[in-house]
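*Asks:* Residue numbers (the working numbering), protein chains in the order written: chain A, 1 to 158; chain B, 1 to 173; chain C, 1 to 387.
My questions will all concern the structure given below.
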Amino acid sequence: MTFAEKTTDHRKLRRWEGNIEADYIYTSGLAGERFFTELRKNGRILATHCPRCDLTYLPPRMYCERCLAELRDWKEVPALGKVEAFTVARLDEEGHEAPEPQVWAFIKFPGIHGGFVHIVAAPEEKVKRGLEVRPRLKPQPLRTGEITDIEAFEPAEH
Amino acid sequence: MGQTPQKWPGIELSNDDLLNKKVTQTRYHPRAKFSWSAGEAISRFLNELKEGRLIGRECKHCNKILFPPRMFCEQCFKPTSKWVYIKDTGTIQTYSISYLDKDAKRITDPIYVGVVSIDGAAEKMGIMHYFGEVTKDTIHIGMKVKAKWKPPLERTGSILDIEYFRPLKEGEQ
Amino acid sequence: MRKVAVIGAGMTLFRRRLMETPKELCFEATRMALDSAGIELKDVDAVISGSAPDGFDGVHMKGEYYSDGCGAYGKPYMRVFVGGGTGVFSAISGWYHIASGLADIALVVNEEKMSSCQPHPQSVFAHIWDPILDRPLKPNLIWIFAMEMNRYMTVHKIKKEDIALVAVKNKRNAVDHPCAQLADPNITVDDVLNSEVLAWPVQRLDISPPSDGAAALVMASEDAVKRLHVETPVWMKGVGWCIDSTMWTDRDLYFPEYVARAAKMAYKMAKIDNPRKQIDFAEPYDPFDYKELHHMEGLLLAKKGEAPIMTREGVTQRDGDLPTCPSGGLLGVGNPIAATMGVKIGELYWQLSGQAGKRQIPHEIKTGVTNAWGDLMQYGAVAVMGV
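Set out below in structure tokens:
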């Protein structure tokens, strides 16, 4: 059974407009605090290691997702990574045409489980799977303890 | 076997830690905008408010006038059958005297708000609205009230076309 | 349907702001629960999580986002959300995973991080109102509790002094809870009555605060309980849930009909026909002090209007005839919406297995009931647990 009436004059149908207002502050957490503080102060990238599962997590986690052990083993990540997959974005966050195309990649590091999604600062023709890249950090005084302290990844042979 | 927990985890932060960036953090402001369809029943409800009238919808099966109007009855789950104008007087079912505004900021002139059940609609069916021309000593559950409408040119087809509900005067209907 | 027991539980501190990310909060509670049950993650067949709006933590699909902290990697997983009812409902979901035969051991992990939402979780809470009928009036969520409290007080002619007794009892009980955010050993009725009026009749000390926190349970089938040689399983004797209309302006708010229906469903399953006599203690949902009374009546533990009298007579104290909120409740321990499972189901587990420490009820208890309440005065989830 359907409704007994249906309005067909669209001018009689109303809409109400509004938005959802809130601001967010996301803490880095216990593992994240150490990771971002080390990135900001000393420019080093750290990961945590689970001895039982033999996995080294990047970004570092307080716990192993496989066995739920608490992780206390911190290691430095070798700075040379490889592009595992990439795409070229031609639209910005809002869906408008971006001023320039941007290369986004998933970057992995040898022996490390996980990796980063980040910008690759190179023309799209130069980027391919397997390209070796290094992180380019902002100068220390400009770092804030966020993922943007890494400005971008650059091809290793510069 | 298992053991009774002895240590209870959690690292507390103060408002200062968070707001003054004593811990690393990322901040974000979402940009979510909405345009909600009023639908069949509420579109008519809003159009009638602009004309200075309250309208309900009859459920033949339950023999009730539903207000605010809806195209189906929640109780018997059948479509409602016809539009019925109802009065703009009613009874206070419950109320609150608020010293906070919507952002939880303190205000000195309290807002009187509550539920008013409308005469002509099914028993106790009503809407939330402001109460005016009352004090904390005069307002009470069971008080008879009447809508104070905004002037016709100020009405837009919104619940705010009624400014507030005020005590019913002697002899008024 | 198979019998299901809770065999372990854990919870984090409840505080206004915690440093941990949602994932880390889940991990902390889950790790505690696994340790308390004496099992490892590989023994778990399914994981259920409950959490309130994504809007609090500020991450869309947060149930999926923090699932690794719940130990859900590679396992059957679902998130349930029924507003404030989630604190009990996720345990009910854990129950039906096992009762149906689908899992032998399940983890139930509830988490809430309300402090991410700035300046106050009110900004997100406010969106529960209807955008066309209610929101143009710029309502504050406290208004609806004030309206329900007023109706309840007026219909039964209850004085604020009697309602304040609940806040005093719970905040004092909470002194013995290791995770409590708002315990106060010295609070008096006068303190409550003199506290700031927010939206009359609600005053500042009538309300529980927003909190961050997580809680977790391990639930197991009868076979698993035998296999693991669990010494103090606490059985889920009855479960029930019910929702009422969103059109809250249609209803008389003085009695929570939906809680009563959910309670009847749970009591029927637990074979309880005289709750006042057969239930030994209760953990009703108490985000406001008047809600404890409202829910005691909804849970059919008191006749309509009688709950304040029972409170005044001391019946609901820890050493009374019907200890109510021996944990300190949400008023004393904190209110991280879904993670309140630790103070409701968790408390029933700890009390009935003799692990409640300083909060332990001093006389013999065999059966307890708890409820959680949610949405816009709509949802009731009830669980009866016993040994």
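We put the beta carbon where it would ideally sit given N, CA and C, even for glycine.
A quick note: this is a predicted structure, and the numbers were derived from the prediction, not measured.
Cα separation between residue 109 of chain B and residue 258 of chain C?
*Replies:* Going by the C-alpha atoms only, they are around 36 Å apart.
*Asks:* Check for me: the beta strand (DSSP E) holding residue 149 of chain B runs from which residue to which?
*Replies:* Segment 144–149, the beta strand (DSSP E) holding residue 149 of chain B.
*Asks:* Report the residue from B:44, B:77, B:39, B:85 whose alpha carbon sits nearest the alpha carbon of residue 156 of chain B.
*Replies:* It is B:44.
*Asks:* Please report the distance separating the alpha-carbon of residue 143 of chain A from that of residue 41 of chain A.
*Replies:* The alpha-carbon atoms of residue 143 of chain A and residue 41 of chain A are separated by roughly 8 Å.
*Asks:* Could you work out which residues of chain C lie near residue 27 of chain A, taking near to mean beta carbons separated by less than 7 Å?
*Replies:* Those are 19, 21, listed as they occur along chain C.
*Asks:* What residues of chain A sit near residue 46 of chain B, judged by a beta carbon separation below 7 Å?
*Replies:* Within 7 Å Cβ-Cβ: 14.
*Asks:* Check residue 35 of chain B in the structure and name its three-state DSSP category.
*Replies:* Residue state, collapsed to three classes: strand.
*Asks:* Contact criterion: CB-CB distance below 8 Å. Does residue 157 of chain B meet it with respect to chain F?
*Replies:* Checking the listed chains, one finds no chain F in this structure; the protein chains it contains are A, B and C.
*Asks:* With DSSP as the reference, please indicate the residues paired to residue 55 of chain B in a beta bridge.
*Replies:* Partner(s): B:85.
*Asks:* Please look up how many angstroms separate the CB atoms of residue 23 of chain B and residue 114 of chain C, rounded, as I've assumed it's under 8 Å.
*Replies:* Not quite, the Cβ-Cβ distance comes to about 17 Å (not below 8 Å), so this is no contact.
*Asks:* Report the rounded CA-to-CA distance for residue 94 of chain B versus residue 194 of chain C, giving the unit in angstroms.
*Replies:* Their backbone Cα atoms lie some 23 Å apart in a straight line.
*Asks:* Step through the CB atoms of chain B and report whether any lies within less than 8 Å of the CB of residue 68 of chain C.
*Replies:* Chain B, which has no Cβ nearer than 8 Å to the Cβ of residue 68 of chain C, makes this no.
*Asks:* Give a yes or no on whether 8 Å exceeds the smallest Cβ distance from residue 38 of chain B to chain C.
*Replies:* For residue 38 of chain B, the answer is yes, since a Cβ of chain C falls inside 8 Å of its Cβ.
*Asks:* Let me see if you follow: with CB-CB separation under 8 Å, is residue 89 of chain B close to chain C or not?
*Replies:* Taking Cβ atoms only, chain C never reaches closer than 8 Å to residue 89 of chain B, which makes this a no.
*Asks:* Are the Cβ atoms of residue 86 of chain A and residue 104 of chain A separated by less than 8 Å?
*Replies:* Yes. Within cutoff.
*Asks:* Mapping the DSSP letters down to three states, classify residue 88 of chain C as helix, strand or coil.
*Replies:* In the structure shown, residue 88 of chain C sits in a helix (DSSP, three-state: H, G or I).
*Asks:* Please tell me whether residue 115 of chain C has its Cβ less than 8 Å away from any Cβ of chain B.
*Replies:* Residue 115 of chain C counts as touching chain B.
*Asks:* Using a C-beta to C-beta distance shorter than 8 Å, which residues of chain B count as neighbours of residue 36 of chain A?
*Replies:* Ordered by position in chain B, the residues that pass the 8 Å Cβ test against residue 36 of chain A are 24.
*Asks:* Compare the C-alpha of residue 6 of chain C against each of C:36, C:21, C:17, C:22 and name the closest.
*Replies:* The option with the nearest alpha carbon to residue 6 of chain C is C:36.
*Asks:* Would you tell me roughly how many angstroms separate the C-alpha atoms of residue 92 of chain A and residue 155 of chain C, rounded to the nearest one?
*Replies:* If I take the Cα positions, the gap works out to 58 Å.
*Asks:* Along chain A, which residues have their Cβ under 9 Å away from the Cβ of residue 24 of chain C?
*Replies:* By Cβ distance, chain A contributes 29, 30, 31, 32, 61, 62, 63.
*Asks:* Does the segment 207–220 of chain C touch the segment 367–383 of chain C, meaning 3 or more C-beta pairs lie closer than 8 Å?
*Replies:* Result no; under three Cβ-Cβ pairs closer than 8 Å.
*Asks:* Within 8 Å, do at least three Cβ pairs link the segment 294–309 of chain C to the segment 171–186 of chain C?
*Replies:* Counting Cβ pairs under 8 Å, fewer than three are found: no touch.
*Asks:* If you measure from the beta carbon of residue 85 of chain B to each beta carbon in chain C, is any gap under 8 Å?
*Replies:* So no, residue 85 of chain B is outside the interface.
*Asks:* Flag this pair as yes or no: are the beta carbons of residue 84 of chain B and residue 58 of chain B separated by less than 8 Å?
*Replies:* Yes, Cβ-Cβ distance for residue 84 of chain B and residue 58 of chain B is below 8 Å.
*Asks:* From which residue to which residue does the alpha helix (DSSP H) around residue 22 of chain A run?
*Replies:* From DSSP, residue 22 of chain A is part of no alpha helix (DSSP H); its letter is neither H nor E.
*Asks:* Once you ignore the five residues that flank residue 89 of chain A on each side, which residues in its own chain have a CB closer than 7 Å to its CB?
*Replies:* Only 98, 101, 102, 104 meet the Cβ criterion.
*Asks:* Which bits of chain A does residue 118 of chain C rub up against, with CB to CB less than 8 Å?
*Replies:* By Cβ distance, chain A contributes 22, 23, 24, 25.
*Asks:* How about residue 66 of chain A: is its C-beta nearer than 8 Å to some C-beta of chain C?
*Replies:* Yes, residue 66 of chain A lies at the interface with chain C (some Cβ there is under 8 Å from its Cβ).
*Asks:* Using a Cβ-Cβ distance cut-off of 8 Å, determine whether residue 200 of chain C contacts chain B.
*Replies:* Yes, its Cβ sits closer than 8 Å to a Cβ of chain B.
*Asks:* Which complete alpha helix (DSSP H) runs does the segment 194–257 of chain C hold, if anything under 4 residues is left out?
*Replies:* Counting whole runs of 4 or more residues, the segment 194–257 of chain C contains the alpha helix (DSSP H) stretches 222–227.
*Asks:* Cβ of residue 250 of chain C less than 8 Å from any chain B Cβ?
*Replies:* So, interface residue.
*Asks:* Looking at the strands, I want to know which residues DSSP matches up with residue 118 of chain A.
*Replies:* Residue 118 of chain A pairs with A:105.
*Asks:* My guess is that residue 130 of chain B and residue 164 of chain B are in contact by the Cβ rule of under 8 Å, so how many angstroms apart are they, rounded?
*Replies:* Right, their Cβ atoms sit about 4 Å apart.
*Asks:* Roughly how many angstroms lie between the CA atoms of residue 383 of chain C and residue 139 of chain C, to the nearest whole one?
*Replies:* Between residue 383 of chain C and residue 139 of chain C, the C-alpha separation is close to 33 Å.
*Asks:* Taking only three categories from DSSP, how would you classify residue 173 of chain C?
*Replies:* DSSP places residue 173 of chain C in helix when its eight states are reduced to three.
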